[in-house]
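For the sequence shown, counting from 1, position 4 maps to 748 in our numbering; every step adds exactly one.
C-beta atoms are modelled at their ideal positions from N, C-alpha and C, and glycine is treated no differently.
Since we're looking at a predicted model, the values are computed, not measured.
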Amino acid sequence: MDIQDLDISKVISPALVNLDLQATSKLEVIEELTYLLVETGAVADKDAFIADVLYREEEGKTGLGEGVAIPHGKSASVTSTSIAVGRTKKPVEWESLDDKPVNIIILFAVKNSDATTTHIKLLQKVAILLADDEVIGQFQTVKTKEDLIKLLAKNQD
Numbered sequence: 745m746d747i748q749d750l751d752i753s754k755v756i757s758p759a760l761v762n763l764d765l766q767a768t769s770k771l772e773v774i775e776e777l778t779y780l781l782v783e784t785g786a787v788a789d790k791d792a793f794i795a796d797v798l799y800r801e802e803e804g805k806t807g808l809g810e811g812v813a814i815p816h817g818k819s820a821s822v823t824s825t826s827i828a829v830g831r832t833k834k835p836v837e838w839e840s841l842d843d844k845p846v847n848i849i850i851l852f853a854v855k856n857s858d859a860t861t862t863h864i865k866l867l868q869k870v871a872i873l874l875a876d877d878e879v880i881g882q883f884q885t886v887k888t889k890e891d892l893i894k895l896l897a898k899n900q901d
């Protein structure tokens, strides 16, 4: 599968977006976004998935800077590779490249069978997207879940 063939809108839906996260810590953010993944059937075992995400967090920083983090878990508990997106009311402490807290979090849930292909391609697409300061600005102000998904889909070319 070529990166151009990977459509971000196929791995996200309005049910996987929360623009009003209540979380005040990294763990709470991961728990809230995992809840969305469990509710949509993308993750079968909440606790196992959270453990896998936290294990990955120990391997290196997932905060990209500019208030954005991209935690991810490759896990046997993932039934369908998906991404959940959240925005917190107040920035949350996170190990990031600019040592600043984050308030936009894109959590990747990756099936083990997709780990070497889809996972890398999704990360590439999102990283390219988030390298654009204008897109980050739009993430901060977007009002609806649908508009956020449009922002992701529109900017993936």
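Between residue i and residue j, how many whole angstroms is the CB-CB distance? I'm expecting something under 8 Å.
i: Ile-752; j: Leu-896; result: 5 Å
i: Leu-808; j: Ser-840; result: 7 Å
Which residues in the same chain have their Cβ closer than 8 Å to the Cβ of residue i, if we skip the five residues on either side of it in sequence?
i: Glu-837; result: Ser-769, Lys-770 and Pro-845
i: Ile-756; result: Ser-826, Ile-827, Ala-828, Val-829, Ile-893 and Leu-896
i: Asp-877; result: Glu-810
Please report how far the alpha carbon of residue i lies from the alpha carbon of residue j, in whole angstroms.
i: Glu-810; j: Leu-780; result: 24 Å
i: Val-761; j: Gly-785; result: 14 Å
i: Leu-777; j: Lys-754; result: 18 Å
i: Leu-866; j: Ser-824; result: 14 Å
i: Asp-842; j: Lys-855; result: 30 Å
i: Ile-814; j: Ile-850; result: 5 Å
i: Lys-805; j: Gln-766; result: 22 Å
i: Leu-798; j: Val-886; result: 28 Å
Within a Cβ cutoff of 6 Å, which residues of the same chain sit near residue i, ignoring the five residues on either side of it in sequence?
i: Ser-821; result: Val-787, Ala-788, Asp-789, Ala-792 and Phe-793
i: Ile-848; result: Gly-811, Val-812, Arg-831 and Phe-883
Which residues bound the beta strand (DSSP E) around residue i?
i: Val-854; result: 846-855
i: Thr-841; result: According to the sequence shown, residue 841 is Leu rather than Thr. Run containing Leu-841: none; DSSP gives neither H nor E here.
i: Val-822; result: First-last for Val-822: undefined, no H or E at that position.
i: Leu-763; result: 761-765
Examine chain B for any beta-carbon lying closer than 8 Å to the beta-carbon of residue i, and answer yes or no.
i: Phe-793; result: The structure shown has no chain B; it contains just one protein chain.
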